[in-house]
Amino acid sequence: MSKRSLAAVVAAVLLVAGCGEDDESSAPPTTTPVAPARLSPCEVPEIPTAQCGSVTVPLDRANPEAGTTTVGFTLVPRTDQAQPSLGTVVTNPGGPGTGAVDAVGHVYADGLKPILDRRDLLLVDPRGVGRSSPIHCPALEGPEMVFASADGQRAAIGECGKQLGDKARYYGTAAVADDFDDVRAALGLDRLDLLGDSYGTYLMATYVARHPEHVRSVVLSGAYPVHTDDNVAGGVAIAALRRAVGLVCERTTSCSGDAVLGDLDALAARLRATPVPTDLQYEGKTYPIVLDERMLAGTVGKLYAGSADVDKKLELARALAAARTGDLAPVQDVVRAHLVELASIFALGPSVVSHALLWATTCHDYPQDFDYSDGAADRERDFDDSVKRLKTEDYAPFSPTAWLSRDFYDVGACLDWPNDPTAGAPFPKGTKLADVPALVLAGDLDANTSTTSGKQAAAQFPNARFVEVKDAGHTPTSTPEGAKLVMEFISADR
């Protein structure tokens, strides 16, 4: 797309993981009566033709007594009303926890404009964020969560689960996919062209699994599979980081990939042994932080898990070179900038991005290296044992512990989450997705959802087309080449 604005930043905080076990969350969709939607003009930033509506859906389709929630959406009518519609494109920008309407609706409306003369654009806020009954947790409010240690963040996330109570289990991706289908039915649409970025690729694959008869095509950009034998946030991502560092240096001729990785290895070892207390200014207040290996891993990982901003990557290379000579100030500046960016995202609130929904979905859907039915001590033991089994050399230049606990990619984030017997992947492992037209894009500079992850996502479909986009970060729809591929694919005769 021609611009990404908030979409690029928010999607970059995505937690990516592998597979879950079969359980109630992967049950077949339950048909529920859906009344025709009523649309009315509404205010959506930079989309003057927006028509808005909502549907009421069960919190738990298998248990109507659990209550209902509201799902809000916006339909952007095609610009050429003199001719019949060629279809409806429905998008999701990632997350989980990111809204689609007010957060990034204008990004899609602008980026897809060349094909929206004959196609309508449908923006649906996932349950729990934006115009879809947003949820929030007092435990996650304020920037302290972003600046905290891994233990501090995990405790806050666990407290959020307790604050959500019984409702914490109702925000899995399977439920969201069924909500999207209820919106489709309420609008009287037959088949959809699905476009998912980042977590949106997980959501759209789930929609294909649950509602294949209503899919005309699907595009997954910055994709990862619903099931994998490898932790995508771990070994696959760090290998992609090493590759991307080399590619940036090679293409710019401004650094040596080996030297940058060597500097990073040396600094990680130094901070592993001796963390450096420092401080950070945010919104007029001073916050104490600790520059340790985990914080360094989070910063470096984010720089290679967002847009392909080569200037920032070269700034990091220079900061690491300075650290080699004993000057940590440039690295501290890069880390502070990273943390301020994250804090600024979540300060937007649940009308745009819901921190509570991020963890409600993550802790429900993604696999855990422990059993939710166990007590705290057993959970910790099983999790620690799983990390100890990893090969240190596979995670260079970081330790496995630092890389796997970084920021919001922390694979131990749900250690304190309340027991959820319904938790699990949105469809069973081994499910064969329908043979629908599928395009999967990956950026060769993306260490979030890498080329390896993209190929695994493509393999979910019988005949998906996979394309690695040169010089693209996370997600390739932000590049001219990626946008062109997407629009050509959606526009093809079916």
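As numbered in my numbering, the sequence shown has no gaps in its residue numbers, which increase by one up to the final residue, 1014.
Beta carbons are placed, not taken as given, at the ideal position from N, Cα and C, and that holds for glycine.
With a CB to CB cut of under 7 Å and the five nearest residues on each side skipped, what residues in its chain are close to residue 982?
-> As a working note, residue 982 is residue 462 in the sequence shown. Closer than 7 Å at Cβ, skipping near neighbours: 955.
Alpha carbon of residue 542 to alpha carbon of residue 903, nearest angstrom | Position 22 of the sequence shown holds residue 542. Position 383 of the sequence shown holds residue 903. The pLDDT assigned to residue 542 is 38, lower than 50, so where the model puts this residue is not dependable, and the model offers no usable value.
Where are the beta strand (DSSP E) runs, 3 residues long or more, that stay fully inside the stretch 612-674, in chain order?
-> 639-644
For residue 832 and residue 557, the rounded distance between their alpha carbons = Working through the sequence shown from its first residue, we reach residue 557 at position 37. Working through the sequence shown from its first residue, we reach residue 832 at position 312. Each residue's Cα considered, the two are about 46 Å apart.
Are three or more beta carbon pairs between the stretch 709-724 and the stretch 604-621 nearer than 8 Å?
-> In short, these stretches touch, since the Cβ pair count reaches three.
Residue 779 versus residue 858 - alpha carbon distance = Reading the sequence shown from its first residue, position 259 is the one you call residue 779. Reading the sequence shown from its first residue, position 338 is the one you call residue 858. Residue 779 and residue 858: Cα-Cα distance of roughly 23 Å.
Complete runs of the beta strand (DSSP E) confined to the stretch 963-1006 [at least 3 residues] = Correct list: 985-989.
As assigned by DSSP and simplified to three states, the class of residue 883 | As a first step, residue 883 is located in the sequence shown; it is residue number 363 there, counting from the start. Of the three classes helix, strand and coil, the one that applies to residue 883 here is helix, per DSSP.
Cβ shell of residue 996 (< 6 Å), same chain only, five flanking positions each side left out = For the purposes of this step, residue 996 is identified with residue 476 of the sequence shown, where counting begins at 1. If we look at residue 996 and ignore the five residues flanking it on each side, its Cβ neighbours are 741, 961, 963, 989 and 1002.
Close beta carbons around residue 1012, own chain, < 7 Å, minus the five adjacent residues each side = In the sequence shown, counting from the first residue as 1, residue 1012 sits at position 492. Around residue 1012: no qualifying Cβ.
Candidates 678, 700, 565 and 572, of which the one nearest residue 578 by Cα | Here the question's residue 578 lines up with position 58 in the sequence shown. Of 678, 700, 565 and 572, the residue nearest in Cα terms is 700.
Pair within 8 Å by beta-carbon distance, residue 744 and residue 977 = Taking the first residue of the sequence shown as position 1, residue 744 is located at position 224. Taking the first residue of the sequence shown as position 1, residue 977 is located at position 457. Yes; because the gap between Cβ atoms is below 8 Å, this pair is in contact.
Buried or exposed: which applies to residue 671, given that a residue is buried once 16 or more other Cβ atoms fall within 10 Å of its Cβ?
-> On the sequence shown, position 151 is the one that residue 671 refers to. Counting Cβ neighbours within 10 Å, residue 671 comes out exposed, since fewer than 16 surround it.
Tell me whether residue 934 sits in a helix, a strand or coil according to DSSP, three-state version.
-> For the purposes of this step, residue 934 is taken as residue 414 along the sequence shown, with counting starting at 1. Three-state DSSP puts residue 934 in coil, outside helix and strand.
For the beta strand (DSSP E) that contains residue 801, what are its first and last residues?
-> Stepping through the sequence shown from its first residue, residue 801 is reached at position 281. It spans 796-802 - the beta strand (DSSP E) in which residue 801 sits, taken as one unbroken run.
Per-residue burial, residue 588 [other beta carbons within 10 Å of its own, 16 or more giving buried] = By one-based count along the sequence shown, residue 588 stands at place 68. Residue 588 comes out exposed.
Bounding residues of the beta strand (DSSP E) (the contiguous stretch that carries residue 571) | On the sequence shown, position 51 is the one that residue 571 refers to. Start and end: 571-578.
Sequence-distant residues of the same chain with beta carbon closer than 6 Å to residue 527, five excluded per side = Here residue 527 is taken as the residue at index 7 of the sequence shown, counted from 1. Below a pLDDT of 50, predicted positions are generally treated as unreliable, and residue 527, at 41, falls in that range; the measurement from the model is reported next regardless. Taken in chain order, the residues that qualify are 613, 624 and 627.
Does the stretch 593-603 come within contact of the stretch 637-647, defined as at least 3 CB pairs closer than 8 Å?
-> yes
Does the stretch 724-735 come close enough to the stretch 787-794 that 3 or more CB-CB pairs lie under 8 Å?
-> no
Pull up the DSSP beta-bridge partners for residue 501, would you.
-> Within the shown structure, residues of the chain are numbered from 521 to 1014, placing residue 501 beyond reach of any answer.
Buried or exposed (CB count within 10 angstroms, at least 16 for buried), residue 822 = Here residue 822 is taken as the residue at index 302 of the sequence shown, counted from 1. Buried, by the Cβ-count rule.
Check residue 717 in the structure and name its three-state DSSP category.
-> By 1-based counting over the sequence shown, the position of residue 717 is 197. For residue 717, the secondary structure class from DSSP, reduced to helix, strand or coil, is strand.
Residue 537 classed as buried or exposed, judged by whether at least 16 other C-beta atoms fall within 10 angstroms | Within the sequence shown, the letter at position 17 stands for residue 537. With a pLDDT of 38 at residue 537, under the threshold of 50, the modelled position of that residue is not reliable, and the figure given next carries that caveat. Result: buried.
Between the CA atoms of residue 621 and residue 524 - distance to the nearest angstrom = Sequence index remark: in the sequence shown, residue 524 carries index 4 (1-based). Sequence index remark: in the sequence shown, residue 621 carries index 101 (1-based). Because residue 524 carries a pLDDT of 35, less than 50, the predicted location of this residue cannot be relied on, and no value is offered for it.
Endpoints, beta strand (DSSP E) assigned at residue 594 | Taking the sequence shown and counting its residues from 1, one reaches residue 594 at position 74. Residues 588-596.
Count the other CB atoms, across all protein chains shown, that sit within 10 Å of the CB of residue 783; report buried if there are 16 or more and exposed otherwise.
-> Working through the sequence shown from its first residue, we reach residue 783 at position 263. Residue 783 comes out buried.
Considering residue 739, what are the terminal residues of the beta strand (DSSP E) in which it resides?
-> Sequence index remark: in the sequence shown, residue 739 carries index 219 (1-based). Run containing residue 739: 735-741, per the beta strand (DSSP E) assignment.
Straight-line gap, residue 636 to residue 600 (C-alpha atoms, nearest Å) | For this step, residue 636 is matched to residue 116 along the sequence shown. For this step, residue 600 is matched to residue 80 along the sequence shown. Whole-angstrom Cα-Cα distance: 8 Å.
Compare the Cα-Cα distances from residue 581 to each of 694, 781, 669 and 634 and report the closest residue.
-> Position 61 of the sequence shown holds residue 581. Taking only the C-alpha atoms, the option nearest residue 581 is 694.
So which of 994, 1014 and 999 has the shortest CA-CA distance to residue 717?
-> Position 197 of the sequence shown, counted from the start, is the residue given in the question as residue 717. It is 994 whose Cα lies nearest to the Cα of residue 717.
Pick from 861, 554 and 928 that is closest to residue 883, judged by C-alpha positions = In the sequence shown, counting from the first residue as 1, residue 883 sits at position 363. Cα-wise, what sits closest to residue 883 is 928.
Residue from 667, 1004 and 685 with nearest C-alpha to residue 807 | Taking the sequence shown and counting its residues from 1, one reaches residue 807 at position 287. The residue with the shortest Cα to Cα distance from residue 807 is 667.
Verify whether the separation of the beta carbon atoms of residue 592 and residue 648 is less than 8 Å.
-> Start at 1 with the first residue of the sequence shown, and residue 592 comes out as number 72. Start at 1 with the first residue of the sequence shown, and residue 648 comes out as number 128. Result no, Cβ atoms of residue 592 and residue 648 do not sit closer than 8 Å.
Using the C-alpha atoms, what's the distance from residue 770 back to residue 680?
-> Start at 1 with the first residue of the sequence shown, and residue 680 comes out as number 160. Start at 1 with the first residue of the sequence shown, and residue 770 comes out as number 250. Going by the C-alpha atoms only, they are around 44 Å apart.
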